[in-house]
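Chemist: Right, I'll just put the structure down here and ask away after.
Residue numbers (the numbering used here), protein chains in the order written: chain A, 85 to 198; chain B, 22 to 137.
Shown next as structure tokens:
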């Protein structure tokens, strides 16, 4: 069975600083990988997804993530954080051929200091 | 509707009572999911409906939990004899799945359940 680890529970960055949120997965083959953002009072919103091809994936709101098979990682990055990026971020993995069930990490809470 | 709609948005219930949570998926979406999110934890998969296929109930934590879906429309998640550990946000999501598992999954805002 697949699993996801997000080692950082909380991260605080200054507005304008760069951001990297870590995600490691466990799966026997190449998985489907996703990053979702959950803002207060809102549902989860898909930021980006990786299925195949180019390992650097661009998403919405200026986010990108890089799939590294050798490290079983799919870290989320943003070169310059805005105060509105403060939210909780979830990494998720889906199994190929396993329906559309996603396994989520425990989330990273991002705080942005002005 | 424009998005996945869930009701109630908030529910406080006494321990031992039954609760029903409703999900109205995006029109035309054949697949529907229920997830649970406990405070400070990730999302736990509960159940998955796809068209007329038998649902994947592998994530339901106990026989107190059940869910139904009529065709490709509304789904109801029922929790019987609620316990305090059932307190969580219950998230519903749907997808068209026209292209298989690569379709985007859209989440509702969740139903916050508090068992006192």
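We treat Cβ as the ideally placed atom computed from N, Cα and C, and that holds for glycine.
Buried or exposed, going by whether 16 or more other CB atoms sit within 10 Å of the CB of residue 153 of chain A?
Modeler: Reading the first chain from its first residue, position 69 is the one you call residue 153 of chain A. Flag for residue 153 of chain A reads exposed.
Chemist: Can you name the start and end residues of the beta strand (DSSP E) that residue 31 of chain B belongs to?
Modeler: Taking the second chain and counting its residues from 1, the one referred to as residue 31 of chain B is at position 10. Element bounds for residue 31 of chain B: 31-34.
Chemist: Give me the DSSP bridge partner(s) of residue 144 of chain A.
Modeler: On the first chain, residue 144 of chain A is found 60 positions in, with the first residue counted as 1. Paired residue(s): none; residue 144 of chain A is not in a bridge.
Chemist: Relative to the C-alpha of residue 125 of chain B, which residue among A:189, A:178, A:193 is closest?
Modeler: Within the second chain, the letter at position 104 stands for residue 125 of chain B. Cα-wise, what sits closest to residue 125 of chain B is A:178.
Chemist: Could you check what DSSP says for residue 106 of chain B in three-state terms: helix, strand or coil?
Modeler: Translated into positions along the second chain, residue 106 of chain B becomes position 85. Helix, per DSSP.
Chemist: Going by C-alpha to C-alpha distance, which of A:168, A:163, A:158, A:164 sits closest to residue 91 of chain A?
Modeler: In the first chain, counting from the first residue as 1, residue 91 of chain A sits at position 7. Selected option, being the one with the closest Cα: A:158.
Chemist: Who are the Cβ neighbours of residue 134 of chain A in its own chain at under 6 Å, not counting the five residues just before and after it?
Modeler: Along the first chain, one-based indexing puts residue 134 of chain A at 50. Counting only Cβ-Cβ distances below 6 Å, and skipping sequence neighbours, we find 117, 141, 151.
Chemist: What separation, rounded to the nearest whole angstrom, lies between the Cα atoms of residue 19 of chain B and residue 57 of chain B?
Modeler: Summary: the structure shown does not reach residue 19 of chain B, with chain B confined to residues 22 through 137, and so no result is reported for it.
Chemist: Per DSSP, what kind of secondary structure is residue 155 of chain A in: helix, strand or coil?
Modeler: Here residue 155 of chain A is taken as the residue at index 71 of the first chain, counted from 1. Reduced to three states, the DSSP call for residue 155 of chain A is helix.
Chemist: Identify the residues that DSSP records as bridge partners of residue 89 of chain B: which are they?
Modeler: Stepping through the second chain from its first residue, residue 89 of chain B is reached at position 68. Per DSSP, B:97.
Chemist: DSSP three-state label for residue 138 of chain A, please.
Modeler: Taking the first chain and counting its residues from 1, the one referred to as residue 138 of chain A is at position 54. Here residue 138 of chain A sits in coil by DSSP.
Chemist: Residue 162 of chain A and residue 137 of chain A: beta carbons closer than 8 Å?
Modeler: Counting from one through the first chain, the residue named residue 162 of chain A turns up at place 78. Counting from one through the first chain, the residue named residue 137 of chain A turns up at place 53. Result no, Cβ atoms of residue 162 of chain A and residue 137 of chain A do not sit closer than 8 Å.
Chemist: Is residue 169 of chain A helix, strand or coil when you go by DSSP?
Modeler: Indexing the first chain from 1 puts residue 169 of chain A at position 85. Three-state result, residue 169 of chain A: helix.
Chemist: Going along chain A, which residues have a C-beta under 8 Å from residue 130 of chain B?
Modeler: Residue mapping note: residue 130 of chain B aligns to position 109 of the second chain, counting from 1. Result: 125, 126, 127.
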